[in-house]
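In what follows, a single structure is set out as structure tokens and then discussed.
Numbering (UniProt numbering), first residue to last: 1 to 237.
Here's what the structure looks like:
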């Protein structure tokens, strides 16, 4: 929810060290936000770190970078047969339409192009610049970034997670930048009035003290969007 990344290599190493002899622990990775973003062909975080043989199931959803709907689970033939026969939600779900499959295939086909690589680079640049601006904003008002897995102090109106700042100069990043606030709906309305479409996220969706607003980083008019963001920052307090 906070746009942080799991330490996948460390998790794989831990599972190998503790369960390699028993072979009774497996890893499942949800690639919803990394599909189309990481790896040279957009195959996600697992492939970007060459961990395909260490992950039992990779779930790639088609509602974000693919801009369609549905999902695919990449797994072994044995596990596929098991789920087909025993996964009740799957058995009784409606199959995709032919048009939906064509849209997905067409979109995934674009992952092999230079345009996808350029778009991923632009998105990373946008994340870095916006995260840096937000971190400078909160420090200007002597507010510290929120430690991971902690609640926002009651007297802090607005801050961002420390994990967001930690990713600014990392190879892998997140397109999600949460703005933690005690008034998510009011902040969302204010930002909407300034031309920014963000969504308020409150309890019980997130724990008390982690209420936030979420925006979607989108490739497009990057320079003008950043300039507009910078102009409105001072009005947030």
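The beta carbon of each residue, even a glycine, is placed where N, CA and C say it ideally should be.
Listed as beta-bridge partners of residue 68 by DSSP are no residues whatsoever. Here residue 48 has 38 and 39 as same chain residues with Cβ atoms under 6 Å from its own Cβ, once five neighbours each way along the sequence are excluded. As DSSP reads the structure, residue 59 sits in a beta bridge with 30 and 73. In the same chain as residue 103, and ignoring 5 residues on each side of it, the C-beta atoms closer than 6 Å to its own belong to 68, in chain order.
Approximately 6 Å separates the beta-carbon atoms of residue 83 and residue 90; this is inside 8 Å, confirming the contact. Under the three-state reduction of DSSP, residue 164 is assigned to helix. The same chain holds no residue with a CB closer than 7 Å to that of residue 109 once the five nearest residues on each side in sequence are set aside.
In the three-state reduction of the DSSP assignment, residue 109 falls in the helix class. According to DSSP, residue pairing for residue 198 in a beta bridge involves 215.
In the structure shown, residue 117 adopts helical secondary structure according to DSSP, grouped into three states. Excluding the 5 residues flanking it on each side, residue 202 has same chain C-beta neighbours closer than 6 Å at 184 and 211, in chain order. Cβ-Cβ separation between residue 111 and residue 63: approximately 15 Å, too far for a contact (criterion under 8 Å).
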